[in-house]
Amino acid sequence: MEVHLNNGKLSYGAKLLKKIAEIYEGDKEYALAVRYYNDAADKYSAEANESSNVNNCLLKVADLSIYEPEVDYLKIIPVCLVLFSSSIRLPTSISRTS
């Protein structure tokens, strides 16, 4: 994985990180899964046209974070804000009345 990340193949490295996260999630190792989903989201965000993969990983981060022994909602809120802002699409032209 390091080889792919160092050679500029971020999306392939992100895909591997996401796969590792899925394995940890399946083993109910939620803290490790959250870490790897977060890392995958970071790598995907550096690539163009990867916003859906970023959002999918961030959704997993927010979802699985609640299974941690001591939930830190202050860490979850920024993740949710990123998801909310990326999912809200405003029309390009908005008519205003004065």
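One rule links them: number in my numbering = place in the sequence shown (from 1) + 272. Every residue, glycine too, gets a C-beta built ideally from N, C-alpha and C. Everything numeric in this text was worked out from a predicted model, so none of it was measured.
Taking the continuous alpha helix (DSSP H) assigned at residue 344, which residues delimit it?
Run containing residue 344: none; DSSP gives neither H nor E here.
Which whole-angstrom value is the C-beta distance of residue 316 and residue 293, which I expect to be below 8 Å?
With 8 Å as the limit, residue 316 and residue 293 do not qualify as a contact, their Cβ atoms being about 12 Å apart.
Under the assumption that residue 309 contacts residue 290 (Cβ atoms under 8 Å), give the Cβ distance between them as a whole number of angstroms.
7 Å
In this structure, how does DSSP classify residue 281 when only helix, strand and coil are distinguished?
coil
Would you grab the beta carbon distance between residue 348 and residue 337 for me? Rounded to a whole angstrom, and I think it's under 8 Å.
5 Å
CB-CB under 7 Å to residue 327, same chain, minus the five flanking residues each way: which ones, in chain order?
355 and 358
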